[in-house]
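Residue numbers (our numbering): 49 to 436.
Where is the CB? At the ideal position from N, CA and C, for every residue including glycine.
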């Protein structure tokens, strides 16, 4: 396919993308409905669409969309070959909207990470990272021990068509998301609740870490996400879970008390802006402030399900203070019986312990995430002020 039709199709996709219609969904829909576009031809179209959003801060909006796409592709190529030709000040000023600086530090290191192409991370089944890497080829393990099962995929195969995917040998899961599962340290035979499970990536990781023993409750407010979890669990042969709808209401989905509760709360997604550059321009400051309140409410309500001696893990793929430090501080004030718990950074063996963990794209090549942990005494009285 020549560059002209590539840019034409990419421009048509951009004209249909919006906050309500994410570019990746529009892209999939358009490519599916257009006959005669091969996978090799679809790749450049996808690259052009996401280059546009990644380099939008540099583009002249008065130009025709195809000219803007051409400029974006040129900037992407220049950054790949000569990253230092972009100054730190330029990247900080243009990579994200101005309002972001009011919510968090916008460092040059973070801005450079946002402009780089994201890495593709796989999670092998426990102890199978080396074998999976040999089978797929073009894989690089992140580390040793449990981290040997976190693989960066460098090849060009359609992984979803591989035998290894269909037999449940791996999941596509971001490195920072894998770190959250390792922070939880669930044990075989325990009871865990993934309160905001989404499509189930972390729930499936917990199940693997528990060796398919014990029980996991997975809840979400969207039934369609839980249906995807069901398909993923069947493929991975994970059976020690139950799924149920929960929209964050005071009434919990079960009376069970858990050894651990994970609240991977809905957030602005600032930590995913390397992988999802469109969100930089569709998320606003109001979203950040409002979501902080939603996260606190979810955290306080889910905390009611932690049994005496259990732990509560709060994780969000954002770096904004209003959704991280402010939420953790407000929760501590509202639920003083929960004590901050020390944890290691699982991506840095032997690292110092902390009650809060920051995972940044520039440090590890995964999404940006914030994690906080609390535990309860083995005997305690509930003091959380749960609002209706």
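With distance defined between alpha-carbon atoms, name the residue in the options nearest to residue i.
i           : options               : result
residue 260 : 243, 234 and 66       : 234
residue 304 : 354, 377, 339 and 204 : 354
residue 349 : 322, 319, 334 and 310 : 310
residue 181 : 164, 158, 213 and 248 : 213
residue 67  : 80, 101 and 417       : 101
residue 215 : 183, 189, 241 and 188 : 183
residue 163 : 98, 151 and 179       : 98
residue 131 : 117, 160 and 109      : 160
Please confirm whether residue i and residue j have their CB atoms less than 9 angstroms apart.
i           : j           : result
residue 327 : residue 291 : no
residue 397 : residue 199 : no
residue 392 : residue 224 : no
residue 363 : residue 220 : no
residue 408 : residue 157 : yes
residue 24  : residue 257 : Here the chain has residues from 49 to 436 only, and residue 24 is not among them.
residue 319 : residue 374 : no
residue 176 : residue 217 : yes
residue 446 : residue 74  : There is simply no residue 446 to check, as the chain begins at 49 and stops at 436 in what is shown.
residue 336 : residue 368 : yes
Residue i to residue j, Cα distance in whole Å?
i           : j           : result
residue 343 : residue 83  : 43 angstroms
residue 246 : residue 275 : 10 angstroms
residue 49  : residue 57  : In this prediction, residue 49 scores a pLDDT of 40, lower than 50, which makes its location untrustworthy; the coordinate-derived value is nonetheless stated afterwards. Going from the Cα of residue 49 to the Cα of residue 57 covers about 11 angstroms.
residue 166 : residue 426 : 43 angstroms
residue 51  : residue 94  : Residue confidence is low: residue 51 scores 49 on pLDDT, short of 50, so the model does not pin down where it sits. No coordinate-derived value is stated.
residue 232 : residue 315 : 20 angstroms
residue 226 : residue 382 : 29 angstroms
residue 138 : residue 351 : 43 angstroms
residue 399 : residue 418 : 16 angstroms
residue 112 : residue 103 : 15 angstroms
residue 377 : residue 406 : 15 angstroms
residue 288 : residue 254 : 10 angstroms
residue 55  : residue 64  : 14 angstroms
residue 91  : residue 402 : 42 angstroms
residue 239 : residue 300 : 15 angstroms
Just to confirm my understanding: we take residue i, look at its own chain, exclude 5 residues before and 5 after, and list those with CB closer than 8 angstroms. What are they?
i           : result
residue 423 : 357, 358, 359, 360, 386, 387 and 389
residue 273 : 245, 246, 247 and 248
Taking 6 angstroms as the limit between beta carbons, can you name the residues of its chain near residue i, skipping five residues before and five after?
i           : result
residue 142 : 105 and 106
residue 269 : 295
Can you list, in chain order, the residues of its chain with a C-beta nearer than 7 angstroms to that of residue i? Leave out the 5 residues immediately preceding and following it.
i           : result
residue 252 : 219, 280, 281, 284 and 286
Does residue i get closer than 9 angstroms to chain C when you measure Cβ to Cβ?
i           : result
residue 318 : Among the chains of the structure shown, chain C does not appear; only one protein chain is present.
What are the uninterrupted segments assigned as beta strand (DSSP E) that are 3 or more residues long and contained completely in the segment 253 to 291, given in chain order?
263 to 268
Only counting runs of 4 or more residues, tell me where the alpha helix (DSSP H) segments fall wholly within the segment 385 to 436, in order along the chain.
409 to 412
At 4 residues or longer, and completely inside the segment 56 to 116: list those alpha helix (DSSP H) runs for me, N to C.
71 to 81 and 87 to 102
What residue ranges within the segment 347 to 385 form continuous beta strand (DSSP E) runs of no fewer than 3 residues, ordered along the chain?
354 to 364
For the segment 144 to 213, which segments carrying the beta strand (DSSP E) assignment without a break, of at least 3 residues, lie completely within its bounds, in sequence order?
168 to 172, 187 to 189 and 198 to 201
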